[in-house]
DNA sequence: TTTCACATCTGAGCGCTGTACAGATGCCAT
DNA sequence: ATGGCATCTGTACAGCGCTCAGATGTGAAA
């Protein structure tokens with residue numbers, strides 16, 4: 587109880603430096619790419635000394651983690667919006683397209699997100715907890731599967747389809763960055779016969795949707 | 587014609603330093619992980635000065651490229667062996683399992699391979715040239731699809747299935763590194779009902795194999 | 001109001017990195 | 001024997017992540 591102190595809230599000397607640092611990092615990331623994202627460059631961009639960030643993040647990885655966290659929130663929002671925009675079976679395809687588009691539009695951020703996840707050997711998602719309200723993109727996909735007719739009691743089938751969809755979307759997002767697959771990237775706006783087909787083909791529908 | 591000089595062949599001062607450097611890099615990579623793979627550390631491991639590598643590689647990226655290249659060759663071999671080990675429809679699943687196993691057994695190398703590819707924005711594979719003899723893993727998958735009944739004249743369907751399979755395998759390889767999907771990793775040896783199902787589900791068979 | 005504790009920020013510095021360059025070294029063809 | 005040249009070394013520089021002692025300002029206690 588005596589530990590009822592606020593954890594990291596209000597402005598101090600220079601206002602909310604933590605926020606300013608994350609913003610500076612995202613600005614740099616967009617402008618110069620991931621390789622330019624040094625801690626010193628972020629501090630420079632935010633107008634503070636190279637040592638200042640260490641009072642808000644234990645090391646560089648923790649700063650990148652904060653940036654990645656906002657990326658996952660953005661991705662989740664994009665997927666949620668995509669689902670809300672259409673109805674029925676189109677929802678899963680729409681979510682998949684939104685995922686790949688996010689990776690295309692934020693390639694540096696997307697890379698930071700997965701780099702951070704790999705370092706921690708964990709995605710920032712609780713696969714077990716299927717509660718959609720906790721802002722969990724993985725569960726958004728799973729819930730949509732269920733709504734489209736997957737049997738939630740057939741756990742294996744359900745998670746199988748969800749994992750397959752996630753793997754497929756991530757794989758596509760990475761492949762679309764290679765010039766061998768430029769036509770994938772080109773298809774992301776407007777008509778997208780190939781991409782739609784890949785998503786359907788990869789199992790963005792529950793297993794028994796083939797009937 | 588006057589340019590008939592050999593390009594990078596025989597030993598000189600210290601023998602074949604280029605080879606020694608790549609070997610040293612791979613040794614370091616396996617022992618210490620990708621973050622320990624500095625050019626200076628590689629030179630140290632090979633017993634030469636920090637500047638020596640620059641007579642064989644234009645910069646660090648080019649050295650990593652050489653390492654990645656050998657990784658792709660290893661992967662191609664693993665996939666070819668996997669295909670040769672079984673018959674019929676099992677071949678595609680077997681290739682997929684081999685792909686994911688390779689990523690599991692050589693995580694650092696696998697990461698270097700895709701990092702190098704991302705920097706060049708291209709996989710080291712010629713997707714257009716379907717000649718299997720050029721040692722092209724992507725074409726190995728496509729050819730196997732054809733052998734299993736895909737129509738090579740239906741270009742879209744064929745490449746669709748191949749891209750879907752590649753994306754799925756890469757996605758699975760990455761997901762298997764996250765602790766949320768430990769059961770995927772655990773399944774890679776021996777019985778693998780879930781993984782097999784994911785592969786089948788993701789389209790490791792030609793589209794009309796669902797009939 | 002003065003004082004004090006403490007969160008915050010700076011400046012200097014350490015060891016590391018990738019890369020450049022001048023010069024030493026040893027092989028090969030003449 | 002000589003000269004050219006690929007190869008390798010030593011030194012150097014800027015930038016990196018990170019640490020630490022000390023300066024600076026803020027909110028709470030006196």
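Protein chains in written order, with this note's numbering: chain A, 587 to 797; chain B, 587 to 797.
All C-beta atoms in this analysis are idealised placements derived from N, C-alpha and C, irrespective of residue type, glycine included.
Chain B contact for residue 688 (chain A) (CB, 9 angstroms cutoff): Position 102 of the first chain, counted from the first residue, corresponds to residue 688 (chain A). No, no contact with chain B.
Using C-beta distances below 6 angstroms, list every residue in its chain close to residue 697 (chain A), excluding the 5 sequence neighbours before and after it, in chain order. As a working mapping, residue 697 (chain A) is identified with position 111 in the first chain. Answer for residue 697 (chain A): 620, listed in chain order.
Give the interface partners of residue 766 (chain B) over in chain A, defined as CB-CB distance under 9 angstroms, in chain order. The residue you call residue 766 (chain B) lines up with position 180 of the second chain. 708, 709, 711, 712, 713, 714 and 724, listed in chain order.
What is the residue span of the alpha helix (DSSP H) that residue 827 (chain B) lies within? Residue 827 (chain B) lies beyond the range of chain B shown here (587 to 797); nothing can be said about it.
How far does the alpha helix (DSSP H) with residue 609 (chain B) in it reach, from first residue to last? Residue numbering aside, residue 609 (chain B) sits at position 23 when the second chain is read from its first letter. Note, residue 609 (chain B): alpha helix (DSSP H), 603 to 618.
C-beta neighbour in chain A for residue 733 (chain B), strict 9 angstroms: Reading the second chain from its first residue, position 147 is the one you call residue 733 (chain B). Chain A, which has no Cβ nearer than 9 angstroms to the Cβ of residue 733 (chain B), makes this no.
Residue range of the alpha helix (DSSP H) that residue 768 (chain B) falls in? Residue numbering aside, residue 768 (chain B) sits at position 182 when the second chain is read from its first letter. Here the alpha helix (DSSP H) through residue 768 (chain B) covers 768 to 772.
Spatial neighbours of residue 613 (chain A) within its chain, please: CB distance less than 8 angstroms, with the 5 preceding and 5 following residues excluded, ordered by chain position. Numbered from its first residue, the first chain carries residue 613 (chain A) at position 27. Same-chain partners within the cutoff: 631.
Along the alpha helix (DSSP H) that carries residue 757 (chain B), what are the first and last residues, could you check? By 1-based counting over the second chain, the position of residue 757 (chain B) is 171. Segment 741 to 761, the alpha helix (DSSP H) holding residue 757 (chain B).
Closer than 7 angstroms by C-beta to residue 671 (chain A): which residues in its own chain qualify, once you throw out the five before and the five after it? Chain order, please. Taking the first chain and counting its residues from 1, one reaches residue 671 (chain A) at position 85. Within the same chain, residue 671 (chain A) has close Cβ partners 680.
Considering only C-alpha positions, which residue in the set B:606, B:601 and B:771 is nearest to residue 689 (chain B)? As a first step, residue 689 (chain B) must be located in the second chain, where it is residue number 103. Among B:606, B:601 and B:771, the Cα nearest to that of residue 689 (chain B) belongs to B:771.
Per DSSP, what kind of secondary structure is residue 735 (chain B) in: helix, strand or coil? The residue given as residue 735 (chain B) occupies position 149 in the second chain. Coil, per DSSP.
Taking only the alpha-carbon atoms, compute the straight-line gap between residue 695 (chain B) and residue 702 (chain B) and give it to the nearest angstrom. Position 109 of the second chain, counted from the start, is the residue given in the question as residue 695 (chain B). Position 116 of the second chain, counted from the start, is the residue given in the question as residue 702 (chain B). One C-alpha to the other measures close to 11 angstroms.
Simplified DSSP state of residue 793 (chain A), which is helix, strand or coil: What you label residue 793 (chain A) is simply residue 207 of the first chain in a count that begins at 1. Residue confidence for residue 793 (chain A) is low, a pLDDT of 35 falling below 50, so the modelled location carries little weight; the figure read from the coordinates is stated next. If DSSP states are grouped into helix, strand and coil, residue 793 (chain A) belongs with the helices.
Does the distance from the C-beta atom of residue 678 (chain B) to that of residue 766 (chain B) stay below 9 angstroms? Translated into positions along the second chain, residue 678 (chain B) becomes position 92. Translated into positions along the second chain, residue 766 (chain B) becomes position 180. No, the pair does not count as a contact, with Cβ atoms beyond the cut-off.
With distance defined between alpha-carbon atoms, name the residue in B:640, B:618 and B:617 nearest to residue 607 (chain B). As a working note, residue 607 (chain B) is residue 21 in the second chain. When each option's Cα is compared against that of residue 607 (chain B), the closest is B:640.
Chain-ordered neighbours of residue 675 (chain B) on chain A, where CB pairs are closer than 9 angstroms: Start at 1 with the first residue of the second chain, and residue 675 (chain B) comes out as number 89. Taking the beta carbon of residue 675 (chain B) as reference, no residue of chain A falls within 9 angstroms; the closest one sits roughly 17 angstroms away.
Given that a residue counts as buried once 16 or more other Cβ atoms are within 10 Å of its Cβ, and exposed if not, what is residue 757 (chain A)? Here the question's residue 757 (chain A) lines up with position 171 in the first chain. Label assigned to residue 757 (chain A): buried.
Ordered along the chain, which non-local residues of its own chain (more than five positions away) have a Cβ less than 7 angstroms from that of residue 650 (chain A)? As a working mapping, residue 650 (chain A) is identified with position 64 in the first chain. 698 and 702, listed in sequence order.
What is the DSSP secondary structure of residue 635 (chain B), counted as helix, strand or coil? As a position in the second chain, residue 635 (chain B) is number 49, starting the count at 1. The answer is coil: DSSP assigns residue 635 (chain B) none of H, G, I, E or B.
Return the CA-CA distance between residue 711 (chain B) and residue 682 (chain B), expressed in angstroms with no decimal places. Along the second chain, read from residue 1 onward, the residue named residue 711 (chain B) stands at position 125. Along the second chain, read from residue 1 onward, the residue named residue 682 (chain B) stands at position 96. Residue 711 (chain B) and residue 682 (chain B): Cα-Cα distance of roughly 17 angstroms.
Who are the near neighbours of residue 591 (chain B) in its chain, counting only those whose CB is closer than 8 angstroms to its CB and skipping five residues on each side? The residue you call residue 591 (chain B) lines up with position 5 of the second chain. The predicted model places residue 591 (chain B) with a pLDDT of 34, which falls under 50 and marks its position as unreliable; any figure quoted below should be read in that light. Same-chain partners within the cutoff: there are none.
Assigned secondary structure, residue 674 (chain A) (DSSP; H/G/I helix, E/B strand, else coil): Counting from one through the first chain, the residue named residue 674 (chain A) turns up at place 88. Residue 674 (chain A) sits in coil when the DSSP states are folded into three classes, being neither helix nor strand.
Buried or exposed, going by whether 16 or more other CB atoms sit within 10 Å of the CB of residue 802 (chain B)? Outside the displayed range of chain B (587 to 797) lies residue 802 (chain B), so it cannot be described from this structure.
List the whole-angstrom C-beta distance separating residue 685 (chain A) from residue 759 (chain A), where the pair is believed to meet the contact cut-off of C-beta under 8 angstroms. On the first chain, residue 685 (chain A) is found 99 positions in, with the first residue counted as 1. On the first chain, residue 759 (chain A) is found 173 positions in, with the first residue counted as 1. Confirmed, Cβ separation roughly 7 angstroms.
Inspect the beta-carbon positions of residue 652 (chain B) and residue 611 (chain B) and report whether they are closer than 9 angstroms. Along the second chain, one-based indexing puts residue 652 (chain B) at 66. Along the second chain, one-based indexing puts residue 611 (chain B) at 25. Yes, Cβ-Cβ distance for residue 652 (chain B) and residue 611 (chain B) is below 9 angstroms.
Looking at the structure shown, is residue 644 (chain A) part of a helix, part of a strand, or coil, going by DSSP? Here residue 644 (chain A) is taken as the residue at index 58 of the first chain, counted from 1. Coil, per DSSP.
Spatially closest choice to residue 661 (chain A) from A:755, A:781 and A:768, by CA coordinates: Along the first chain, read from residue 1 onward, the residue named residue 661 (chain A) stands at position 75. Among A:755, A:781 and A:768, the Cα nearest to that of residue 661 (chain A) is on A:755.
In chain order, what residues of the same chain lie with their CB nearer than 7 angstroms to the CB of residue 738 (chain A), ignoring the 5 residues before and after it? Counting from one through the first chain, the residue named residue 738 (chain A) turns up at place 152. Once the five neighbours on either side are set aside, the close Cβ partners of residue 738 (chain A) are 732 and 744.
For a quick check, are the C-beta atoms of residue 600 (chain B) and residue 634 (chain B) less than 9 angstroms apart? On the second chain, position 14 is the one that residue 600 (chain B) refers to. On the second chain, position 48 is the one that residue 634 (chain B) refers to. In contact: residue 600 (chain B) and residue 634 (chain B) (Cβ atoms closer than 9 angstroms).
Should residue 708 (chain A) and residue 764 (chain B) be called a contact, given that it needs their Cβ atoms to be closer than 9 angstroms? Residue 708 (chain A) sits at position 122 when you count from the first residue of the first chain. Residue 764 (chain B) sits at position 178 when you count from the first residue of the second chain. Cβ atoms of residue 708 (chain A) and residue 764 (chain B): closer than 9 angstroms.
Can a CB atom of chain A be found closer than 9 angstroms to the CB of residue 770 (chain B)? Sequence index remark: in the second chain, residue 770 (chain B) carries index 184 (1-based). Yes, contact with chain A.
Write down the C-beta distance between residue 727 (chain B) and residue 750 (chain B) rounded to the nearest angstrom, noting that I regard them as a contact closer than 8 angstroms. Along the second chain, read from residue 1 onward, the residue named residue 727 (chain B) stands at position 141. Along the second chain, read from residue 1 onward, the residue named residue 750 (chain B) stands at position 164. Rounded to whole angstroms, the Cβ separation of residue 727 (chain B) and residue 750 (chain B) is 10 angstroms, and the two are not in contact under 8 angstroms.
If you drop the 5 nearest sequence neighbours on each side, which residues of the same chain put their C-beta closer than 7 angstroms to that of residue 602 (chain A)? What you label residue 602 (chain A) is simply residue 16 of the first chain in a count that begins at 1. Closer than 7 angstroms at Cβ, skipping near neighbours: no residue.
Cβ of residue 794 (chain B) less than 9 angstroms from any chain A Cβ? Walking along the second chain from the start, residue 794 (chain B) turns up at place 208. Model confidence at residue 794 (chain B) stands at a pLDDT of 34, short of 50, so the residue's coordinates are unreliable and nothing is read from them.
Who are the neighbours of residue 727 (chain A) on chain B, taking C-beta pairs under 9 angstroms? Mapped onto the first chain, residue 727 (chain A) falls at position 141. Simply none; closest approach about 13 angstroms.
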